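Read through the structure below, which is laid out as structure tokens, and then see the notes.
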Amino acid sequence: PEPKEPNVRHTDSSNICFRKNKVRVQMKDSLNIDRFCKSHSNTYKLLGVVNHIGSTSSSGHYTSVALRDQRSPTTSCKEWAKFDDASVSKCALSEILDNEKNQRSSYLVLYGL
109 PEPKEPNVRH TDSSNICFRK NKVRVQMKDS LNIDRFCKSH SNTYKLLGVV NHIGSTSSSG
169 HYTSVALRDQ RSPTTSCKEW AKFDDASVSK CALSEILDNE KNQRSSYLVL YGL
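Taking this note's numbering, the leading residue of the sequence shown gets 109, the next gets one more, and so forth.
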């Protein structure tokens with residue numbers, strides 16, 4: 109058979125309009141992908157979220173929340189922390205999952221094993 113021509117398209121980038129998607133993202137503390145991966149069980153835990161606060165995709169402010177490991181000579185625990193410029197504060201998992209503002213400003217949701 110003859111090789112097919114590649115599908116090449118040229119677009120004019122001067123008329124591109126970027127819009128912020130404000131769809132509510134329902135996050136959970138774990139993500140199971142068994143229906144996509146039949147070979148073995150895969151469940152991932154929520155590790156962090158990057159949020160974009162602003163009305164357009166070209167302006168605004170970024171914050172994040174992440175699960176961090178707090179270790180001391182006598183204890184080890186994991187806690188959620190909110191990062192906003194130079195400010196770092198504790199937060200609860202429920203503040204991340206149940207807050208509609210966070211669900212609408214989620215830019216990147218990170219899961220890991």
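For every residue, glycine included, the Cβ atom is placed at its ideal position computed from N, Cα and C.
Note that the structure is predicted; figures quoted are calculated from it, not measured.
Below 7 Å CB to CB, which residues in the same chain sit around H160 once its five sequence neighbours on both sides are set aside?
-> On the sequence shown, position 52 is the one that residue 160 refers to. G168, Y170, S213 and Y215.
If you draw a straight line from the C-alpha of C185 to the C-alpha of S147, how long is it?
-> Locating residue 185 in the sequence shown gives position 77, where the first residue counts as 1. Locating residue 147 in the sequence shown gives position 39, where the first residue counts as 1. Roughly 32 Å separates the two Cα atoms.
For T182, I'd like the list of residues in its chain whose CB is within less than 7 Å of its CB, leaving aside the five on either flank, ordered along the chain.
-> Stepping through the sequence shown from its first residue, residue 182 is reached at position 74. Excluding residues within five positions, none has a Cβ falling inside 7 Å.
By how many angstroms is the C-alpha of R127 removed from the C-alpha of K153?
-> As a first step, residue 153 must be located in the sequence shown, where it is residue number 45. As a first step, residue 127 must be located in the sequence shown, where it is residue number 19. Note on geometry: alpha-carbon atoms of K153 and R127 lie some 30 Å from one another.
Any idea which residues DSSP pairs C185 with across the strands?
-> Working through the sequence shown from its first residue, we reach residue 185 at position 77. Bridge partners of C185: Q178.
Using a Cβ-Cβ cut-off of 6 Å (strictly less than) and excluding sequence neighbours within five positions of L218, which residues of its own chain qualify?
-> Walking along the sequence shown from the start, residue 218 turns up at place 110. L155 and G156, listed in sequence order.
According to DSSP, is I253 helix, strand or coil?
-> With the chain covering only 109 through 221, there is no way to say anything about residue 253.
Whole-angstrom distance between R176 and E187, CA atom to CA atom = Locating residue 187 in the sequence shown gives position 79, counting from the first residue. Locating residue 176 in the sequence shown gives position 68, counting from the first residue. One alpha carbon belongs to E187, the other to R176, and they sit about 6 Å apart.
Where the alpha helix (DSSP H) through S202 begins and ends | The residue labelled residue 202 in the question sits at position 94 within the sequence shown. Per DSSP, the continuous alpha helix (DSSP H) segment holding S202 begins and ends at L201 to L205.
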